[in-house]
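Shown next, in structure tokens, is the structure this report addresses.
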Amino acid sequence: MTAPQWARAHTNIALIKYWGKKDAQLMLPANDSLSLTLADFYTDTLVRFTDSIATDQFALDQQPITGQPLAKVTRVLDQVRQLAGITAPAVVTSRNHVPTAAGLASSASGMAALAAAAAQAAGLTLDHPALSRLARLGSGSATRSIDGGFVRWFAGHNDATSYAAPVPAAPPLLADIRVVAVVFSDQPKAIGSTAGMARTAATSSYFPAWTQRAAADLHRLLPALNAGDFVQVGQIAEGNALAMHAATWAADPPFTYFLPATLALVQGIQVWRQSQGVPVYATVDAGPNVKLLTRAPHVAAVQRWLAAHFPTAQVVVTQAGPGISYYPAGKEVD
Ligand code: ADP
Ligand code: DP6
Ligand code: CO
-10 MTAPQWARAH TNIALIKYWG KKDAQLMLPA NDSLSLTLAD FYTDTLVRFT
40 DSIATDQFAL DQQPITGQPL AKVTRVLDQV RQLAGITAPA VVTSRNHVPT
90 AAGLASSASG MAALAAAAAQ AAGLTLDHPA LSRLARLGSG SATRSIDGGF
140 VRWFAGHNDA TSYAAPVPAA PPLLADIRVV AVVFSDQPKA IGSTAGMART
190 AATSSYFPAW TQRAAADLHR LLPALNAGDF VQVGQIAEGN ALAMHAATWA
240 ADPPFTYFLP ATLALVQGIQ VWRQSQGVPV YATVDAGPNV KLLTRAPHVA
290 AVQRWLAAHF PTAQVVVTQA GPGISYYPAG KEVD
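Everything in the sequence shown is counted per this note's numbering, starting at -10 for the first residue and increasing by one.
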């Protein structure tokens, strides 16, 4: 075993959403998805394997965590132990620089950082596709947080074929795309992503239409990214997000992650864009918060518009972020 290091992984925002599993045991998604890794939201995690404790311990933001969140951590650790041929329990210490369980993808950065830190602490040398498969066992969206920039998760048909890889995009688009996160609530959501997508996949009459739509959207998004066509990218991402949320309304029992403010912002942005021609598009994950996609020259106008129409929302402007990195333990990171 090598000396443990902190691993840092960034969250991502899906432009083509993952919403539904075809195999919950193997964590295989119903459809391919594609995201942008974000610079300003991330998790730092340290893993230490030790025979001095009886079972895995997990502390998040200095709180001991048990139950389902610990079980998901253990799932990733078990796979690492199997690959490394070790049996020792682990002490996992993690810090989220993103609200936890609020629809801002803490499970993506959290599980990607865990996969990287655990593999490193066990002395494994895994390439990025292998790390993405490991992260996938903790949370699907984490599959896409091992790499930076635009990343595609190939749904695959078994553990070996369900992994993520970076997607080529025109360099100017990657450099000046901006994500304006509009946070209405940083509180944990009532229905977690795992439960929300399971209910949608099992009961929504729109679920088959959703998976077909996601495949068609991805097919159109890839050339738009390659060409650096931001307007196309924004239109496809906004439509895909709203189609995913439509599927939750058609579930049984029906539900939505939207708050009234979520809808007001999505509609307001559409009206503003149409009347003023500002290239700004909305996407929403499993929570009430909205992420606006725009380009660097328009960020100030977007901020002014938000201050005028949603003065109480917390606004964070961010851009494309990097893949995983490591920091020596002992040196404080924040
Ligand atoms: P989110 O929108 O924040 O991703 P989810 O419902 O998908 O919400 O996931 C929240 C869950 O992700 C938490 O209950 C916990 O199980 C897991 N999680 C969040 N942060 C971490 C972390 N740093 N390390 C390990 N697991 C984490
Ligand atoms: C709406 O990856 O959080 O953010 O795999 O059950 O942990 P589990 O769910 P999670 O779901 C993410 C849903 C989404 C869309 C996306 O990130 O692709
Ligand atoms: Co999540």
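Even for Gly, the Cβ is constructed at its ideal location relative to N, Cα and C.
{"query": "Over what stretch of residues does the alpha helix (DSSP H) that includes Lys61 continue unbroken?", "result": "56 to 73"}
{"query": "So, using beta-carbon positions, are His234 and Phe244 closer together than 8 Å?", "result": "no"}
{"query": "How about Ala91 and Pro212: do their beta carbons lie closer than 8 Å?", "result": "no"}
{"query": "Could you tell me the boundaries of the beta strand (DSSP E) in which Gln292 lies?", "result": "Gln292 -> not in any beta strand (DSSP E); alpha helix (DSSP H) instead, spanning 288 to 298."}
{"query": "According to DSSP, is Thr26 part of a helix, a strand, or is it coil?", "result": "strand"}
{"query": "I'd like to confirm the pairing. Which residues does DSSP put opposite Lys280 in its beta bridges?", "result": "Ala170, Thr272"}
{"query": "Please report the distance separating the alpha-carbon of Leu35 from that of Ala179.", "result": "29 Å"}
{"query": "How close, in whole Å, do the beta carbons of Ala107 and Val69 come, if the pair is a contact with beta carbons under 8 Å?", "result": "4 Å"}
{"query": "For the ligand ADP, is there any heavy atom lying closer than 7 Å to the beta carbon of Ala91?", "result": "yes"}
{"query": "Does the Cβ of Arg284 have 16 or more other Cβ atoms within 10 Å, making it buried, or fewer, making it exposed?", "result": "buried"}
{"query": "By Cβ distance below 6 Å, which residues in the same chain neighbour Trp8 in space, the five residues on each side in sequence not counted?", "result": "Met186, Met233"}
{"query": "Considering Phe139, what are the terminal residues of the alpha helix (DSSP H) in which it resides?", "result": "Taken as a continuous stretch (DSSP letters only), Phe139 belongs to no alpha helix (DSSP H), being part of the beta strand (DSSP E) at 139 to 142."}
{"query": "If we call anything under 8 Å between Cβ atoms a contact, is Val222 one with Leu23?", "result": "no"}
{"query": "Express the C-alpha separation of His287 and Ala164 in angstroms, rounding to a whole number.", "result": "14 Å"}
{"query": "Looking at the unbroken beta strand (DSSP E) that takes in Thr82, where does it start and where does it end?", "result": "79 to 86"}
{"query": "Mind listing which residues have their beta carbon within less than 5 Å of any non-hydrogen atom of the ligand DP6? Chain order is fine.", "result": "Ala3, Lys6, Tyr7, Ser22, Ser96, Ser128, Gly129, Ser130, Ser182, Thr183, Asp274, Ala275"}
{"query": "Buried or exposed: Ile42, going by 16 or more other Cβ atoms within 10 Å of its Cβ?", "result": "exposed"}
{"query": "According to the Cβ coordinates, are Leu281 and Ala271 closer than 8 Å?", "result": "yes"}
{"query": "Counting only beta-carbon atoms, is Ile54 nearer than 8 Å to chain D?", "result": "Included in the structure is just one protein chain, with no chain D present."}
{"query": "Just verifying my parser: in three-state terms, what is the DSSP assignment at Asp323?", "result": "The predicted model places Asp323 with a pLDDT of 44, which falls under 50 and marks its position as unreliable, so this point remains unresolved."}
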